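Residue numbers (my numbering): 6 to 155.
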């Protein structure tokens, strides 16, 4: 049992408990559409659903963030174990990185912005849940197209 003899000790304990709760919450952030881990520093999500994507309903969210590209990719590579990773260069010169679940039910897409010449910055993160699942090999092929699944 902890005994606190003055208000200063109580305030210190309260601050410590509050900090611990915030740290636990920040490290446990998940996307509400997929339940997958969500990189810290994202904005409020916007709906990015598509009723027909490769014959599946694609429910998902779009987040924005601004951070150094290698940090974000390294974080996702460490968190999305068992996901296929694909780097895609689009015809318009933009790049994105996709993580596709091995069961074909989930996709995380990370779109790269312009940056300052030395570093690239991300504009958008997309999290998608597919119902029914799509063959993962087909997904990685379709994501490389200008208009996937068309």
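Using N, Cα and C, we set each Cβ at its ideal position, and we do this for glycine too. Every value quoted in this text rests on a predicted model; they were computed, and no experiment measured them.
Inset, instruction - Could you tell me which of 48, 64, 47, 49 sits nearest to residue 55, measuring between CA atoms? - result: The sequence position of residue 55 within the chain shown is 50, counting from 1. With distances taken between Cα atoms, residue 55 lies closest to 64.
Legend entry - Among 90, 109, 95, the one whose alpha carbon lies nearest that of residue 103: Here residue 103 refers to the residue found at position 98 of the chain shown. The candidate whose alpha carbon is nearest that of residue 103 is 90.
Legend entry - Reference residue 101; option with closest CA among 148, 43, 110: In the chain shown, residue 101 corresponds to position 96, counting from 1. The shortest Cα separation from residue 101 among 148, 43, 110 belongs to 148.
Inset, instruction - Figure out for me which residue from 151, 152, 136, 142 has the closest Cα to the Cα of residue 62. - result: Numbered from 1 along the chain shown, position 57 holds the residue referred to as residue 62. For the residues 151, 152, 136, 142, the minimum Cα distance to residue 62 belongs to 136.
Inset, instruction - Pick helix, strand or coil for residue 140, following the three-state DSSP scheme. - result: Here residue 140 refers to the residue found at position 135 of the chain shown. Three-state result, residue 140: coil.
Legend entry - C-alpha gap between residue 152 and residue 34, whole angstroms: Looking up residue 152 in the chain shown gives position 147. Looking up residue 34 in the chain shown gives position 29. About 31 Å.
Inset, instruction - With distances taken Cα to Cα, identify the nearest neighbour of residue 107 among 87, 43, 130, 52. - result: Here residue 107 corresponds to residue number 102 of the chain shown, with the count starting at 1. Selected option, being the one with the closest Cα: 87.
Legend entry - Within 8 Å, strictly: CB atoms of residue 39 and residue 70: Here residue 39 refers to the residue found at position 34 of the chain shown. Here residue 70 refers to the residue found at position 65 of the chain shown. For residue 39 and residue 70, no; Cβs fall outside 8 Å.
Legend entry - Status (buried if at least 16 other CB within 10 Å, exposed otherwise) for residue 111: Within the chain shown, numbered from 1, the residue matching residue 111 stands at position 106. The residue in question, residue 111, is buried, as its Cβ has 16 or more Cβ neighbours within 10 Å.
Inset, instruction - Find the nearest neighbour of residue 53 within the set 150, 154, 145, 131, judged by alpha-carbon distance. - result: Start at 1 with the first residue of the chain shown, and residue 53 comes out as number 48. Closest option to residue 53, Cα to Cα, is 131.
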